[in-house]
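Novice: The sequence shown maps to residues 279 to 889 in the working numbering.
Dumping the structure here so I can ask a few things about it.
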Amino acid sequence: MRATEDIVVVVQLDGRTISRAIPSLARPDVFAVLHGFLHSGWAITLTVEPSWSGKILEIVAIDNGHKKSLGRRTVRVARAGSIIHGTTTGELDRPRHGDSLAGNVLHVAGWAVVDGEAADTVELLLDDEPPIRLRRGEPRPDIVAAEQTGLKFDIGAGYSGAVPIRGRGLPSTLPLRIRATGSSGNVWMSRPITVRIEESAPLPSLPEPALVRQVPPRSPIDSRPRIAVFVHSLDLGGGELYIQELLLRLATKNTMEFLVISPRDGVLRAELESAGFSVHLGSPMPLEPKPYVDRVTELCSILATWRCDAVLANTLATFIGIDAALSCQLPVVWAIHESFDIDVFNEAYWGRQLPTEIGDRARSALRGADLNVFVADATRKMFEKAEPTARTRTVRYGIDLEAIATYQDTHDREELRSELGFTDSDRILLCMGMVQERKSQFALLHAFASILDKSPHSKLIIVGFQPTPYGLAVRKTIDDLDLGNAVRLVDVDPATYKWFMISDILVSASDTESLPRSILEAMAFGLPILAADVFGIPEVVEDGINGWLFEARSGSALSAGLLRATAATDTTLAEMSRACRVSSRAFDGERFAVEFEEILIALARKGANEP
């Protein structure tokens, strides 16, 4: 095919021509490469009917009787109506031009459509800083009605980001704009704006808690160290299951006594109490300075009354427990799971910007703790860079390998599949974790829909649904994309083993993870891992060996990863499964408990001034 005037482009539905066009639109980008083909572009607008669903749509170029297919796809009709193709537009909703920013975190939000689709990547261009990748593929039902987009359902055009600005040396008048890139390489740029960064006025430090006193001497009757354990919740979640696994194993050793202190009750309390743990249910951390100091004083009184020897705090959300321990001059170890800048975490977790004098207590807790423990080297290094004087160590997560092996020995995979409504021919991908923004299940659904025509036997199970606005948007998208036969959305389920047992591959689209428990358990079940290459995940997932890695916050990279995983042969999956089982031996929960036991006993002796 040479001269475009001899070419006709036709659209065929199941082999029947339904529209045609003659190339006549200017394409200077093509002309720059292939001189003589300036007017080689074409465009066709179609009115989609519900009856098209499941049929094959193919674009064919015809030149003097010679045909060349330009691509074919299976049609999945969400809603009928006219669709505008090629629309490129967007908006930066937050911040606005001239806004003044007070605090440590810049919040960015908006939406972008490139070539009629959600942008593949979205970047924040901030002064002379390197581009900062934002989270993309977020629900934006509000823009569906916008006429200029032509959208008929929520394609996930939203983007957002929380960017730490403390200590970056940014100018007081800060220029910024958004760059959204489509899978075609086309780009939408927001209008440049400037915002003002306000310097926070220096604040007086918080007063020391009243009634702080030395821990009374230990009774000679029971010489076991007493360890107070601060947790943020007793609900089901990765951080909660981490400490649950550790405490239940330490209880069997009977070398320490424990008091668990939690501001929130949950289903895990019953198991702890039945194992002999004392559980104190308190209240959420106050978010204003005076009540915060009062709460630290109360916690100090609890630690002193119980004659505590050392403190273990679990997750960044428990820094008030570290603060109380340091006020009582007790040795303390902090188990940190979150791969977030502290300021970004505080705003995201507490739902607002903390007063600086409280937020800074989290940083002083990091510096003051006798040891900060991380599950991944990548997360440890991030915190070391932020607080170089912090004492740090990586302790690998542990899971119950024996329980997993027993479950596999006593359950039949084919029977479980049948009971849960799946067949042996299904290639099942499992996404295990709370349905929430950072887990990116919304973007995963859109990527999965894009590869189904090439992998029609693939099924996706998402376990962890909650009726939050994000969760409801995920559920609605399954209907919008006509994925009801290919995707199953499951509520939060404590009985996770059955889902691992019936699956072929675990997929994690999460853009912020240290090292999730779901990946470790999946590997113990022999499931190859498809995951974004963030923080600690590349430390256990080797691309092409026991799974596949893809670039985070990129729609095309996620789709390409899904294609790699679903196209893997049974032989490849079997080899990867064996590699996963070998790798999982390093996740033994007993080793994990022994390492923590040594840490805690050493700290308790330090507090008692023992050799």
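Virtual Cβ for every residue (Gly too), placed ideally from N, Cα, C.
For clarity, every value in this text was computed on a predicted model and none was experimentally measured.
Alpha carbon to alpha carbon, what distance is there between residue 776 and residue 824?
Specialist: Taking the first residue of the sequence shown as 1, we reach residue 824 at position 546. Taking the first residue of the sequence shown as 1, we reach residue 776 at position 498. Rounded to whole angstroms, residue 824 to residue 776 spans 21 Å at the Cα level.
Novice: Do the stretch 414 to 421 and the stretch 317 to 337 touch if we need at least three Cβ pairs shorter than 8 Å?
Specialist: Contact fails: fewer than three Cβ-Cβ distances are below 8 Å.
Novice: Between which two residues does the beta strand (DSSP E) harbouring residue 650 extend?
Specialist: As a working note, residue 650 is residue 372 in the sequence shown. First-last of the beta strand (DSSP E) with residue 650: 649 to 652.
Novice: If we count the other Cβ atoms within 10 Å of its Cβ and call it buried at 16 or more, is residue 840 buried or exposed?
Specialist: The residue you call residue 840 lines up with position 562 of the sequence shown. Classification for residue 840: buried.
Novice: Quick one, which of 761, 391 and 644 has its alpha-carbon nearest residue 467's?
Specialist: As a working note, residue 467 is residue 189 in the sequence shown. Nearest of 761, 391 and 644 to residue 467, Cα basis: 391.
Novice: On a CA-only basis, which of 525, 599, 767 and 564 is nearest residue 868? Give me that one, please.
Specialist: Within the sequence shown, the letter at position 590 stands for residue 868. Considering only alpha carbons, the answer is 525.
Novice: What's the C-alpha gap between residue 842 and residue 826?
Specialist: Here the question's residue 842 lines up with position 564 in the sequence shown. Here the question's residue 826 lines up with position 548 in the sequence shown. Approximately 8 Å between the Cα atoms of the pair.
Novice: Tell me the rounded alpha-carbon separation between residue 788 and residue 708.
Specialist: Your numbering for residue 788 matches position 510 in the sequence shown. Your numbering for residue 708 matches position 430 in the sequence shown. The straight-line gap from Cα to Cα measures roughly 13 Å.
Novice: Can at least three beta-carbon pairs, one atom from the stretch 657 to 673 and one from the stretch 613 to 620, be found at a separation below 8 Å?
Specialist: The stretch 657 to 673, when compared against the stretch 613 to 620, does touch it at the 8 Å Cβ threshold.
Novice: In terms of alpha-carbon separation, which member of 302, 320 and 884 lies closest to residue 608?
Specialist: For the purposes of this step, residue 608 is identified with residue 330 of the sequence shown, where counting begins at 1. Ranking 302, 320 and 884 by Cα distance to residue 608 puts 884 first.
Novice: For residue 551, I'd like the list of residues in its chain whose CB is within less than 8 Å of its CB, leaving aside the five on either flank, ordered along the chain.
Specialist: In the sequence shown, the residue the question calls residue 551 occupies position 273. Closer than 8 Å at Cβ, skipping near neighbours: 557.
Novice: Does the distance from the CB of residue 529 to the CB of residue 553 come in under 8 Å?
Specialist: Residue mapping note: residue 529 aligns to position 251 of the sequence shown, counting from 1. Residue mapping note: residue 553 aligns to position 275 of the sequence shown, counting from 1. Yes, Cβ-Cβ distance for residue 529 and residue 553 is below 8 Å.
Novice: Under the DSSP definition of a beta bridge, which residues are partnered with residue 761?
Specialist: Against the sequence shown, residue 761 aligns to sequence position 483. The partner list for residue 761 (beta bridge, DSSP) is empty, contrary to what the question assumes.
Novice: By the DSSP assignment, the alpha helix (DSSP H) with residue 833 in it spans what residues?
Specialist: The residue you call residue 833 lines up with position 555 of the sequence shown. Here the alpha helix (DSSP H) through residue 833 covers 833 to 845.
Novice: Quick check: what's the CA-CA separation for residue 347 versus residue 702?
Specialist: Walking along the sequence shown from the start, residue 347 turns up at place 69. Walking along the sequence shown from the start, residue 702 turns up at place 424. Residue 347 and residue 702: Cα-Cα distance of roughly 34 Å.
Novice: For residue 592, which three-state DSSP category applies?
Specialist: Translated into positions along the sequence shown, residue 592 becomes position 314. Reduced to three states, the DSSP call for residue 592 is strand.
Novice: What's the call for residue 476, buried or exposed, on a 16-neighbour Cβ count within 10 Å?
Specialist: Counting from one through the sequence shown, the residue named residue 476 turns up at place 198. When all chains shown are included, residue 476 counts as exposed.
Novice: Check whether the stretch 373 to 388 and the stretch 780 to 794 touch, using three or more Cβ-Cβ pairs below 8 Å as the test.
Specialist: Verdict: no, contact absent.
Novice: Within 10 angstroms of its Cβ, does residue 572 collect 16 or more other Cβ (buried), or is it exposed?
Specialist: Working through the sequence shown from its first residue, we reach residue 572 at position 294. Residue 572 comes out exposed.
Novice: Could you give the first and the last residue of the continuous alpha helix (DSSP H) run that contains residue 628?
Specialist: Residue 628 sits at position 350 when you count from the first residue of the sequence shown. It spans 620 to 628 - the alpha helix (DSSP H) in which residue 628 sits, taken as one unbroken run.
Novice: Pull up the distance between the alpha-carbon of residue 490 and that of residue 535, whole angstroms please.
Specialist: By 1-based counting over the sequence shown, the position of residue 490 is 212. By 1-based counting over the sequence shown, the position of residue 535 is 257. The predicted model places residue 490 with a pLDDT of 48, which falls under 50 and marks its position as unreliable, so this point remains unresolved.
Novice: With a Cβ-Cβ cutoff of 8 Å, do residue 647 and residue 669 count as a contact?
Specialist: For the purposes of this step, residue 647 is taken as residue 369 along the sequence shown, with counting starting at 1. For the purposes of this step, residue 669 is taken as residue 391 along the sequence shown, with counting starting at 1. Yes, these two residues count as a Cβ contact at 8 Å.
Novice: Is residue 797 helix, strand or coil when you go by DSSP?
Specialist: Position 519 of the sequence shown holds residue 797. Looking at residue 797 - three-state DSSP - the assignment turns out to be helix.
Novice: Excluding the 5 residues preceding and the 5 following residue 474 in the sequence, name in chain order all residues of the same chain whose CB lies nearer than 8 Å to its CB.
Specialist: Working through the sequence shown from its first residue, we reach residue 474 at position 196. Cβ within range, chain order: 376, 377, 378, 379, 450, 451 and 452.
Novice: Is residue 284 helix, strand or coil when you go by DSSP?
Specialist: Working through the sequence shown from its first residue, we reach residue 284 at position 6. Correct three-state label for residue 284: helix.
Novice: Check for me: the beta strand (DSSP E) holding residue 605 runs from which residue to which?
Specialist: Taking the first residue of the sequence shown as 1, we reach residue 605 at position 327. No beta strand (DSSP E) holds residue 605; the alpha helix (DSSP H) holding it covers 597 to 605.
Novice: With a threshold of 7 Å on Cβ separation, who are the neighbours of residue 559 within its own chain once the five nearest residues in sequence on each side are excluded?
Specialist: Numbered from its first residue, the sequence shown carries residue 559 at position 281. Once the five neighbours on either side are set aside, the close Cβ partners of residue 559 are 540 and 543.
Novice: Measuring straight from C-alpha to C-alpha, what distance separates residue 538 and residue 555?
Specialist: Within the sequence shown, numbered from 1, the residue matching residue 538 stands at position 260. Within the sequence shown, numbered from 1, the residue matching residue 555 stands at position 277. Looking at the two C-alpha atoms, the distance is approximately 7 Å.
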